[in-house]
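>
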Ligand code: HSE
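In this note's numbering, the protein residues as written are -2 to 426.
#1: Measuring CA to CA, which of 383, 398, 141 and 76 is closest to residue 357?
#2: Assess contact between the stretch 307 to 322 and the stretch 333 to 341, defined as three or more Cβ pairs (one per stretch) separated by less than 8 angstroms. Is contact present?
#3: Over what stretch of residues does the alpha helix (DSSP H) that includes residue 305 continue unbroken?
#4: Counting only runs of 3+ residues fully inside the stretch 94 to 139, write out the beta strand (DSSP E) ranges in chain order.
#5: Can you name the start and end residues of the beta strand (DSSP E) that residue 295 belongs to?
#6: How many Å lie between residue 404 and residue 388 at the Cα?
#7: When burial is assigned at 16 or more other CB atoms within 10 Å of the CB, is residue 321 buried or exposed?
#8: Could you please give me the residues that DSSP links to residue 349 through a beta bridge?
#9: State whether the stretch 106 to 123 contacts the stretch 265 to 277, with contact taken as three or more CB pairs (one from each stretch) at a distance under 8 angstroms.
#10: With DSSP as the reference, label residue 238 as helix, strand or coil.
#11: How many whole angstroms separate the CB atoms of residue 217 and residue 108, which I take to be in contact at a CB cut-off of 8 angstroms?
#12: Where does residue 53 sit, in a helix, a strand or coil, going by DSSP?
#13: Using the beta-carbon count (16 or more within 10 Å), is residue 191 buried or exposed?
#14: Going by the CB atoms, is the gap between residue 304 and residue 16 shorter than 8 angstroms?
#15: Could you name each continuous alpha helix (DSSP H) segment of 4 residues or more that falls completely within the stretch 175 to 261, going from the start of the chain to the end?
#16: Can you determine whether any heavy atom of ligand 1 sits closer than 7 angstroms to the C-beta of residue 182, and answer yes or no?
#17: Enumerate in chain order the residues of its own chain whose CB-to-CB distance from residue 374 is below 6 angstroms, with the five nearest sequence positions on each side excluded.
#18: Hey, residue 18 and residue 41: beta-carbon distance below 8 angstroms or not?
#19: May I ask whether a heavy atom of ligand 1 can be found less than 7 angstroms away from the beta carbon of residue 159?
#20: For residue 426, does the three-state DSSP call read helix, strand or coil?
#21: Beta-carbon within less than 6 angstroms of residue 186's beta-carbon, same chain only, minus the 5 sequence neighbours each way: which residues are those?
#22: According to DSSP, is residue 341 helix, strand or coil?
#23: Looking at residue 275: is its Cβ nearer than 8 angstroms to the Cβ of residue 154?
#24: On a CA-only basis, which of 30, 319, 152 and 34 is nearest residue 97? Give me that one, please.
#25: Which partner residues of residue 386 appear in the DSSP bridge assignment?
#26: Sort out for me which residues DSSP pairs residue 264 with in a bridge.
#27: Beta-carbon of residue 14 versus every beta-carbon of chain B: anything under 8 angstroms?
#28: Just mark residue 47 as buried or exposed, buried being the case when its beta carbon has 16 or more other beta carbons within 10 Å.
#29: Could you say if the stretch 193 to 205 and the stretch 231 to 248 meet the contact criterion of at least three C-beta pairs nearer than 8 angstroms?
#30: If you draw a straight line from the C-alpha of residue 317 to the C-alpha of residue 242, how long is it?
#31: Looking at residue 211: is its Cβ nearer than 8 angstroms to the Cβ of residue 156?
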């Protein structure tokens, strides 16, 4: 074993950073044995130096992150600050000064991963980011490395624990959305401002990263169709139950049937209770990967939290350190397919549409005509009438999302349709 340590700089010392530093200390001997050299935590950049951090040596703490990454003797920079800036500049500066980088920054990777990959390539260094998607669950490296010899066609999963917790509570406890969100906040799953989670931004960033590495092309956050869970109601959950389904916020990345484009989307969807994703409870994550030769693979586990995320960071740290000692680098950006990302309208899926209509002769025929005019085939119709009004639930066969949206628009324009109570895609069948 080499006795000269590999020097590590930690940018950020919040929940994840603290766990990373703690495990680096408590498991120092094991990590050294696995890497082939000891690790030395050389500095920790924080915004608030006065804050008491259990187990953190105050002598290592600095507010000057730029000076830390510019030192020139740092082997690996771990970035757990999050956000676009200053993280992007710090990471590119770290590469310019010879360090490899381990990052958990999904927002930055989804927004501008190319800048990071390019900087890593110029410096001949590694950029690893297992912790950016689904916390502790090994998913990024399986896609970048283990499945590098296969052709991935689809990635379908629950990649946001907060929203899964909320939908799970709505399903199992019959809570309304606000009540379930309050519970998620009280338990520390949802942040004070839950926008990133409940509006689907967090899941969309993860979908962009997964689609890019699964299909070897560039997919950015803006390419991902995004709908959050704020409009999901108890009635949607009840409708789902009647169909033998539940509602999940899904991230779905697909290669088109002709193989010439890809799509990436995040939205709530009904999935059958028989689908393994339906039994993913509370704040857990799970991701299905469908590959040509491998078939269906499922990855399941804790997708957030200090220790689980630190586990992914440390796994990357070990891999990157091994590469450095071997004078090698791991995989860089793989975007050679240059497959374009198609808009949501090109996605082929099924819809569950719940309408409030007038209960009189010809209404069902009128509604059915609108579906037919848009080329959308109806699978099932269920109607329940009361006092001249009726609720009509239509489930379609698979059709282009654009045709389904056009159908809904036209239905809204019918005098006999009093309102569209809910529209939800049906997936996982
Ligand atoms: N807020 C995320 C979640 C974890 O609820 O899954 C970090 O990506």
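Beta carbons: idealized from backbone N, C-alpha and C, even for Gly.
Reading it off the structure:
#1: For residue 357, the closest C-alpha among the options 383, 398, 141 and 76 is that of 383.
#2: Touching, no, given that fewer than three Cβ pairs across the two stretches are closer than 8 angstroms.
#3: 303 to 323 is the extent of the alpha helix (DSSP H) around residue 305.
#4: 97 to 100
#5: 292 to 299
#6: Between the alpha carbons of residue 404 and residue 388 lies a gap of roughly 17 angstroms.
#7: Counting Cβ neighbours within 10 Å, residue 321 comes out buried, since at least 16 surround it.
#8: 392 and 421
#9: Contact between the stretch 106 to 123 and the stretch 265 to 277 is absent: fewer than 3 CB-CB pairs across the two stretches fall below 8 angstroms.
#10: If DSSP states are grouped into helix, strand and coil, residue 238 belongs with the helices.
#11: 7 angstroms
#12: coil
#13: Of the residues assessed, residue 191 falls on the buried side of the cut-off, its CB having 16 or more other CB atoms within 10 angstroms.
#14: yes
#15: 192 to 195, 198 to 212 and 231 to 239
#16: Because no heavy atom of ligand 1 lies under 7 angstroms away, the Cβ of residue 182 does not count as near it: no.
#17: The residues 394, in chain order, have a CB closer than 6 angstroms to that of residue 374 in the same chain once the five nearest residues on each side in sequence are set aside.
#18: yes
#19: When distances are taken from the beta-carbon of residue 159 to the heavy atoms of ligand 1, the shortest one is below 7 angstroms.
#20: Judged by DSSP in its simplified three-state form, residue 426 adopts coil rather than helix or strand.
#21: 159, 162 and 280
#22: Of the three classes helix, strand and coil, the one that applies to residue 341 here is helix, per DSSP.
#23: For the 8 angstroms CB-CB criterion, residue 275 and residue 154 do not form a contact.
#24: When only C-alpha atoms are compared, the closest one is 319.
#25: 355 and 383
#26: Beta-bridge pairing links residue 264 to 247.
#27: You won't find chain B in this structure, because it holds only one protein chain.
#28: exposed
#29: yes
#30: 43 angstroms
#31: no
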